[in-house]
Each structure stands twice: as C-alpha cells, then as structure tokens.
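J.: Residue numbers (UniProt numbering), protein chains in the order written: chain A, 1 to 509; chain B, 1 to 509.
Where a beta carbon is used, it is the ideal one built from N, C-alpha and C, also for glycine.
1. Short of 6 Å in beta carbon distance, which residues of its chain neighbour residue 194 of chain B, apart from the five on each side in sequence? Order them along the chain.
2. Just by C-beta distance, which residues in the stretch 356-388 of chain A are closer than 9 Å to chain B?
3. Between residue 230 of chain B and chain E, is the shortest Cβ-Cβ distance under 8 Å, so that the two count as touching?
4. Restricting to Cα atoms, I'd like to know which of A/88, A/492, A/386, A/73 is closest to residue 62 of chain A.
5. Which runs of the alpha helix (DSSP H) spanning at least 4 residues fall entirely within the stretch 370-412 of chain B, listed in chain order?
6. Closest to residue 332 of chain B by CA distance: which of A/93, A/284, A/321 is it?
7. To the nearest angstrom, how far is it from the Cα of residue 445 of chain B to the Cα of residue 410 of chain B?
8. Please tell me whether residue 460 of chain A has its Cβ less than 8 Å away from any Cβ of chain B.
9. How close, in whole Å, do the beta carbons of residue 325 of chain B and residue 372 of chain B come, if the pair is a contact with beta carbons under 8 Å?
10. Quick one: list the residues of chain A neighbouring residue 197 of chain B, beta-carbon separation under 9 Å, in chain order.
11. Using a Cβ-Cβ distance under 8 Å, would residue 507 of chain B count as near chain A?
12. Closer than 7 Å, Cβ to any Cβ of chain A: which residues of the stretch 247-275 of chain B, in chain order?
13. Of all Cβ atoms in chain A, is any one closer than 8 Å to the Cβ of residue 529 of chain B?
14. Tell me, which residues are paired with residue 178 of chain B by DSSP?
15. With DSSP as the reference, identify every bridge partner of residue 419 of chain A, one or two as the case may be.
16. Exposed or buried, residue 490 of chain A, counting other C-beta atoms within 10 Å across all chains shown (16 or more means buried)?
17. If you draw a straight line from the alpha carbon of residue 455 of chain B to that of residue 101 of chain B, how long is it in whole angstroms?
18. Check whether the stretch 207-227 of chain B and the stretch 476-492 of chain A touch, using three or more Cβ-Cβ pairs below 8 Å as the test.
19. By how many angstroms is the C-alpha of residue 415 of chain A removed from the C-alpha of residue 443 of chain A?
20. Does the beta carbon of residue 97 of chain B sit closer than 8 Å to a beta carbon anywhere in chain A?
21. Please work out which residues of its chain come closer than 8 Å, Cβ to Cβ, to residue 233 of chain A, disregarding the five sequence neighbours upstream and downstream, and give them in chain order.
22. Chain A beta carbons: is any one of them nearer than 8 Å to that of residue 85 of chain B?
23. By the three-class DSSP mapping on this structure, what secondary structure does residue 365 of chain A have?
24. List the residues of chain A whose Cβ lies closer than 9 Å to the Cβ of residue 395 of chain B, in chain order.
25. Got a sec: is the Cβ-Cβ distance from residue 219 of chain A to anything in chain B below 8 Å?
26. Please name the residue, chosen from A/256, A/57, A/238, that lies closest to residue 166 of chain A on a Cα-to-Cα basis.
27. Between the C-alpha atoms of residue 304 of chain A and residue 246 of chain B, what's the straight-line distance to the nearest angstrom?
28. Compute the distance between the beta-carbons of residue 512 of chain B and residue 73 of chain B, then report whether it is under 8 Å.
29. In whole angstroms, give me the CA-to-CA distance for residue 123 of chain B and residue 129 of chain A.
30. Using the rule of at least 16 other Cβ atoms within 10 Å of the residue's Cβ for burial, across every protein chain shown, is residue 78 of chain A buried or exposed?
31. For a contact defined as C-beta to C-beta under 7 Å, what are the partners of residue 411 of chain A on chain B?
32. Which runs of the alpha helix (DSSP H) at least 4 residues long sit entirely within the stretch 434-461 of chain B? Give them in chain order.
33. Which of the residues in the stretch 104-118 of chain B, read from start to end, lie with their CB under 8 Å from any CB of chain A?
34. Residues of the stretch 120-135 of chain B in Cβ contact with chain A at a cutoff of 7 Å, in chain order, please.
35. If you follow the beta strand (DSSP E) that residue 486 of chain A is in, where does it begin and where does it stop?
36. Going by DSSP, name the residue or residues bridged to residue 328 of chain A.
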C-alpha cells in the first residue's frame, strides 16, 4: 500500500490521484490574430524553389499536403495560424545552411520551428513563410560522463534530452511543462525559464556553446564544451532569446549538474500573500542550497483545477488563499529531510503556514506536481476566451496585479487566476471567460496589464518571449537606444530579413 | 588558544601562519611588449581637447602629471606600459557619455580602465590613448534586501561590493585574488571567473542588467533587476567579456545568493593526478550542493610558495605530488560537517587521498586560502622572467601540459609550476626563470603552449581574456565566420574604433 501523506500538523489519509498524461491540450478559441500586411519584398515560392529545396533535404523530409501542414501552421493554443505550403525537415547543419543560403538569395521568408509549443505565436508563419522544422536534427553528439557536459542537436525533445542525462547521473538544468514536445533549440531561442530556473539559473549560465546557421547560410562553429572560455566576444548569447530572428540554432553544448539522489516535495497552505513572500525569504535562508523549486498558486487557480479536472485533487481538507509547492534536491536523504521538516515545523509554529503535506513517495510527488502543472489545462477548459500573461513582477507588487484585475473585471463573469515561479518573481496571470465576452474584456485588460507591469518595475515577458503577441509592446520594455541597437543587430545578421519576419519587432515600431 | 587542525587520519599541532596582507605585488621584469605601429587615423590630443574634457569632469578628476600618470599607464605585472598624458575620472554616466561623444567626434582613442589588475595588458594604453578611469563611479545605487539584487556603478571595488552584500546576508557570486583592487565594471568587461565560479557560475548567469555607454556617447539603459526578462535581445551579454572594446560598463545589476552560515575548508594531499580528477567527480557527487571551491596546486607550486614566502606553510608533515583545497558552504553546520567528514573518510579509506586537514576556525581557513592565494606572489619572486598562462583544458588532458612543459624545458633552469580552479578545468601554468633565459625559453614556450591547448580541446584564455597579450592567437580560438562576426560587431558598435584599440583583435589578424 502506498504511504500516507506526511503532514506537519496532522496526518491525512492517502489520496488516490491519477497522474497527468503528458498529452498536449489545445484550447478551442478561434484564431483572432489579425496581422498587418505581408512584406512585399519577399518572393512568392515557385515550383522551381520547391524542387531545389526538396533536393536539399530529400522528398521524405518535406511536408506539402494541406492537411499535414495544419499542425505546423498552427500554434498549440490555436491562436495563431499561418498559410505556409512547405515544411522542410533538414537532417544536418549542412542542409540548414544550404536552405538558408538559397532562401536568402531568393528572398524567401523562413520560420524556424522547434516543438511549436511557444505561447506568443513565435514559431508559426504569419503568412506563407517556409517552415524550417528542426525535429529531424535530434541527435546527441557527445556526452562527457565526468563533467556532465552534453552536446546535442537543436531538434532534440527536451524530455528525451533530460532523460538521457538523467540516466547517466546528471540533471538537465531546464524543465518545463511542455517538455514532452518542446525542443532544446527552441528553448534556447526563447531563453526558456521553467521550474528549475530557481536552482540552476538561466540558459545564459548553463550554455557553453552553440552552433548557429546565419540567414546567409554561414555556419558559426561555437560549440565550446569548456566551462570557462574568454577568447573573444561571447557571441552565442546574442542568439539565446533572439526567437529565431537572428540565426538558427542547430546544436548546443550545455553543462548539467550532478543529479541529486534525494528529492522531497511539499505543498503548503498559506493564508496571506505577505506570508508567501516571507516564506520565500526564509526558505532560501533555511533550506538554502537544496531548494530546487518554489512554486505559487492562488486559491482560485487551485479551485478551477480541482473542479474541472477529475485527476487533480487538493490534498488539504479545506482550502487556503494561497498554495506554495516546495521541492528540495540534495545529496543526503537524511539531511534534506531534517532541513525541510525543521523549516516546515518552524513556519507552522510561527504561523507562516496554515497547513502542509510532505510527499512520501514518487507517486505523491507526482500528485503534487500534477496540481501545479494542470493549471494551464484547467484554464483552457474554463472558458472560450482566454487571456494568458507571463510577467515578471517584483515581490512587493507581485500579487497586486491579480487583485487589481479582479476588481477591474468585477462586473464581468470571468475567472482571474494566477500561479507561477514566484521564487523567480514570475507570475502567470490567466483570465478566462465566454466567447462573447472577448471583445469587452480585451479592452479592459490590454494594454492595462502591460502598463501596470511596467509601472511597477516588471517585465511584460518573463519567459515566453515577444513573438508576434507582444511585439507592439516591445517599445515600452526597452529604451530607445537599446531598441535601436536591437534593430541594428537584426540588420547586421539578417540584412534581407528572411528569418522569422513579423516577430519581435512590430511592423509599426 | 586557537584549536588544532582537525586531521582525518591523525592530528597535527596548530601552525601559526601570518595572513596575507592583501597588498599587490609587482614583478620586476621590464616591459617586453613591442606593439606594432600606432593607428594614424587617431588624432593627437590638443590643449583644446584637454580643456574641454577637464570641463566635463572638473579639474580634480584629471591626472596629467608625469609621475602621477605612471600607475595608470602601467599594468600590475609591469609588463605593458603606455604613454597616455591624460587620465579622466568621471563621476557620472552623463560625464562618461559626454567624454565618449567628444572623443568619438574628434577621433581620440580611449582606454576604459577599472582596477587595472588584468593580466593580458587590456587595461593600459598601448600608445597615448586617453585613460577613462572608472574609480570615481563607485556608488551602490540600490540593494533589495529580499532578493539580494544589487545595482551598483562600474567603478566599485569588488571587495567593497562583496562586503556590502555580505553585511546584508548575501554572498557576492564572484571572488578572486585581486578583489582588493579590481572593480566590478572591469570584472564584467573581462567576464572574470575566480574561485566561486564552481558554485555560482559565470557572470552571464548572475548579471541581470547593465548600463553601458557606447563609443558615440549613447547610453543603453538596460539595468533590469528582474531574474527573468525575455523582452527582446539579450544585449547586455555582448558587453560581458568584450574587454572594453564595445562599450563602457557604467553600472550593473547582479543577483546575489543568500550567504551560507556554515563554511568549511579542507586541504588534501593526493599522490596522483588521476586521483585528483576522481576526487573531483566524487566530491561533486557526495558533497554536491554545498561544494563552493575545488582548487588544485601541484607540489612544485606549493614548495615554491613555502620556500619563498615566510608567511606560507604547508600544514602537512610531508609533501605530496598534488594538493586540493576544498571549501563547502551551506545552511546547516552539523549537516555540512557530517557530509564533508564522511566524504574525506571515504576517500581516505579508499586511498584516494593520502592526508587531509580540516580547518577548525576562521584563522585556519585563512591559512589554507593563503597557501592557495600566495601562488602568484611566489612565482613572481622566483625569477625575473615569468610566463603566465590561464588555460581551460579538459580534465583528461589537464595535467598533461604541465608534464609536457617540464620535459620540454628540462635542459633549462626554470620553475614549471601549476595551480588552478580545476573544478572548472581552469589551469594556471606558470614558468619562471632568470632574466637572461627569457629569449631562449620564450621560443620554446610560445606558441607551443597555445597550440597544445587547442589541439587538446582547450581554450587559450579561460578567464583573463585576450587583451593585448593573446590577440595574435585569437584566430586559432575562433572559426573564421565567428571572428568575422566579432569584427562586424566591433564595426557596428564602435565604427571609429576609439574604444580600447589594439586589444582583442591583432593588427595583423
């Protein structure tokens, strides 16, 4: 029999909860994107072009049939939809280089595409751009057992890569909900964050080298596998977070930390937001070096998930205004357990937490993570109009925006729920309502959310990027000189502008 | 009375060792740099220029007297010497902007200078470039007690900054021997590594934002204080490690981890290099999350230090071929002690280490670190001709180069010693000899050291940068396309080429 949840104040019977299936969900809202006009400088794809490009990658690595093109043309939220008639799935860096060289010469626009799990419309065409899908470039080129440095191609699925290093005693420093579909090249291109960011930091820190193909087909061989290398400018960082607009990442070297043999997961019920922030500060202090996740959910989000998804349960007998999921990972089971339990006991006795459960086995751990990871699915089922925001907000203002939005939208029937990587000040604010409410809500929400965020020292994109969704708000995020330099960099690296056009920079900006 | 060293196999009486003074040492070798010709495109400084620039910063922030100019014109190894007649010490970003705008218009070359502690001649003029010294810009602009994020000006001395955050319960993620003189702006410009790199990673990971003045005087306001911010290209990273050739870093936001209340230091004697590497792998596995330093020294280096410096002692009764200094930092004294002791006991019983001492108080910790940090001073005292190399070499070849150089130089009277941050594969190879031996040794050492390093998958500059010393070897470190892109970036950001000329790129390259 599976063990009981270990509770800090009292014990609760074991709860049988299904695991998440890991399947993608797709929201049902119709495409509402209305892009401005197509750039007339681009050429229209001819039969001759298709024939040349087919020769480069071989016919079986091409998708042309209308129905088969659909998933490549549509983002996973079904919010953005392009009309590309050609998907190319190159097998090698050389092929990527040949494709881009040809497209650059012929002025054919290209969308680099990984797992197509982005949430800002960055990985699908706006019009008829050729889709350069990296999924066939999914090999691991090298792994060093002593250092944990892995060199792999851009198209490998994050979960496959993560499993590969895990089986060899290392932890991949990046983990996120879409791991079963997203690819490391796309993760790097969007500087993905996720749940392990708190412990292992950003991809700028763990990436040692990249192989990148420029718009003109030139290959930058920068696949260093050294933790320290100060020979010349640190060029790879320009491509991390450039959302496929400056070059195509065909391979990467990433440094993985040793896998921790002891992992503990706890869920905490908290009765005020001030206590949540205080908890974070104390947790970093007392659990310090073993803290590997500190995730936040509000009551509204948890109630939405438990009411709409049969496999999701709240392990507490009563609900709380706020929930915090803590994970620790360390090298010594006994020490880690002692630290975490002591921390929870202290918090409980000092009234920082109202209740807490500590998972007793892998299955209970999965159940707690299921609650946290089911949030996007719950929101998608709660309404036909969904507004998703991925924001960075300083701790002192973090929950203010959620309260503010609830009050602002009080007259409308909608769900305003939030969760996020609060350990990194990353808030995921979600608002859902009926299809009819879209227009009226839309005006009340945007640009208000972005302006509020900027006014409170935050960022309008913590981890999802700018893509197509936020390009018109980029100017409120960057000062004029920095924006100008971004444009100069684009001009330098992709003078014809074939790489992921209409993304990052708005056509009006 | 101070406690005894705690030894894993047996106890040894307390050793009274003076602490390092923290003073800079200066080697006595004469300037041997022989730069190629001055770029005739630059203007010569006129009385009118001096008058204008003096007005910008005020007279008391200018150095013009020959003798007073000397320390600004000379690097700390006294290997490189310029002939600048003007040092400007601006007080604000606005002043830096005005200076650069003027110099750019007038084609006056400028060397940005921090603490001038670099080892590759990057922070002193080659000819008569104006020195833009940042030391007056040493304010802390903001510190967030809850997140540990500090925003400070570029000219603050690393030790002052480190003390500031330490007093507030945080650890500055960068630490290095020159901390008493070097400045954070210079550290960022050279992407400094140091001893904490193993635990806290590179500055690319911990830097959240920069304020940079471009060659034309434009200010890039990129001082984000958010851990996650994916709005647009990650421009600050271009300047990290660009060695003052792309812009002047006037301020930075850096994320500091919580200070660990429990710190332990141990010195290990090891009888083969294979065991050193095995020890590293095991240490990462068993001590894992609390490992904060793993430093290496060979017997020759330790013997040089103990024989030449009266305040340095080897705590062991006999010498060993290799020494490893381990530091742990964690949140729980008892746990950390148990982990480290258990690890050392295991290693000892399995014959991975021959002996070990564990520091029992702060003074003994300092003594162990003194041994490690006295290495550069010992080498400087051991001869008049000194060759210093800062290399990254994969673990399996790490010590091969040292052995190789000893055999190559066997016929010559010289010291070949090595130490380094082996936890990050960073070797500091040092060769010293008499003044007369310089020419003959020089030919045997260079470019051999660099070629060997490249042939074994290493980097010719792990943390010191390229500067003036290694510019002619840059082409062996970067592929042609990447080098070309570096030059295009330089052209884009500093089209007149006034910023730190003759550095990074060789005039021949």
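T.: Walking through what the data contain:
1. Within the second chain, residue 194 of chain B is the residue found at index 194, counting from 1. If we look at residue 194 of chain B and ignore the five residues flanking it on each side, its Cβ neighbours are 174, 175, 176.
2. none
3. Within the model displayed, chain E is absent; protein chains A and B are what it includes.
4. Along the first chain, one-based indexing puts residue 62 of chain A at 62. Here the closest residue by C-alpha is A/88.
5. 375-381, 400-408
6. As a working note, residue 332 of chain B is residue 332 in the second chain. Looking at the Cα atoms, A/284 is the closest of the given residues.
7. Within the second chain, the letter at position 445 stands for residue 445 of chain B. Within the second chain, the letter at position 410 stands for residue 410 of chain B. For residue 445 of chain B and residue 410 of chain B, the distance between alpha carbons rounds to 12 Å.
8. Counted from its first residue, the first chain places residue 460 of chain A at position 460. Chain B contact via Cβ: present.
9. Translated into positions along the second chain, residue 325 of chain B becomes position 325. Translated into positions along the second chain, residue 372 of chain B becomes position 372. 5 Å between Cβ atoms; contact.
10. By one-based count along the second chain, residue 197 of chain B stands at place 197. Those within 9 Å of residue 197 of chain B in chain A are 227, 228.
11. Against the second chain, residue 507 of chain B aligns to sequence position 507. Output row for residue 507 of chain B: interface = no.
12. 258, 260
13. With chain B covering 1 to 509 only, the question about residue 529 of chain B has no answer from this structure.
14. Along the second chain, read from residue 1 onward, the residue named residue 178 of chain B stands at position 178. Per DSSP, none; premise fails for residue 178 of chain B.
15. As a first step, residue 419 of chain A is located in the first chain; it is residue number 419 there, counting from the start. Answer is A/297, A/428.
16. If you number the first chain from 1, residue 490 of chain A lands on position 490. Buried is the call here.
17. Position 455 of the second chain, counted from the first residue, corresponds to residue 455 of chain B. Position 101 of the second chain, counted from the first residue, corresponds to residue 101 of chain B. The alpha-carbon atoms of residue 455 of chain B and residue 101 of chain B are separated by roughly 43 Å.
18. yes
19. The residue labelled residue 443 of chain A in the question sits at position 443 within the first chain. The residue labelled residue 415 of chain A in the question sits at position 415 within the first chain. Looking at the two C-alpha atoms, the distance is approximately 16 Å.
20. Residue mapping note: residue 97 of chain B aligns to position 97 of the second chain, counting from 1. No, its Cβ sits nowhere closer than 8 Å to a Cβ of chain A.
21. In the first chain, counting from the first residue as 1, residue 233 of chain A sits at position 233. Within the same chain, residue 233 of chain A has no close Cβ partners at all.
22. As a position in the second chain, residue 85 of chain B is number 85, starting the count at 1. Chain A contact via Cβ: absent.
23. Residue 365 of chain A sits at position 365 when you count from the first residue of the first chain. Helix.
24. Within the second chain, the letter at position 395 stands for residue 395 of chain B. Correct list: 144, 146, 147.
25. Locating residue 219 of chain A in the first chain gives position 219, counting from the first residue. At least one chain B Cβ lies under 8 Å of residue 219 of chain A.
26. Against the first chain, residue 166 of chain A aligns to sequence position 166. Of A/256, A/57, A/238, the residue nearest in Cα terms is A/256.
27. The count along the first chain starts at 1 and reaches residue 304 of chain A at position 304. The count along the second chain starts at 1 and reaches residue 246 of chain B at position 246. Straight-line Cα distance between these residues: approximately 51 Å.
28. For residue 512 of chain B there is no data in the structure shown, the boundaries of chain B being 1 and 509.
29. Within the second chain, residue 123 of chain B is the residue found at index 123, counting from 1. Within the first chain, residue 129 of chain A is the residue found at index 129, counting from 1. Roughly 48 Å between the two C-alpha positions.
30. In the first chain, the residue the question calls residue 78 of chain A occupies position 78. Counting Cβ neighbours within 10 Å, residue 78 of chain A comes out exposed, since fewer than 16 surround it.
31. Taking the first residue of the first chain as 1, we reach residue 411 of chain A at position 411. Going along chain B, no residue has its Cβ under 7 Å from residue 411 of chain A, so there is no contact; the nearest lies around 31 Å.
32. 438-445, 448-455
33. none
34. none
35. For this step, residue 486 of chain A is matched to residue 486 along the first chain. No beta strand (DSSP E) holds residue 486 of chain A; the alpha helix (DSSP H) holding it covers 480-493.
36. On the first chain, position 328 is the one that residue 328 of chain A refers to. A/264, A/291.
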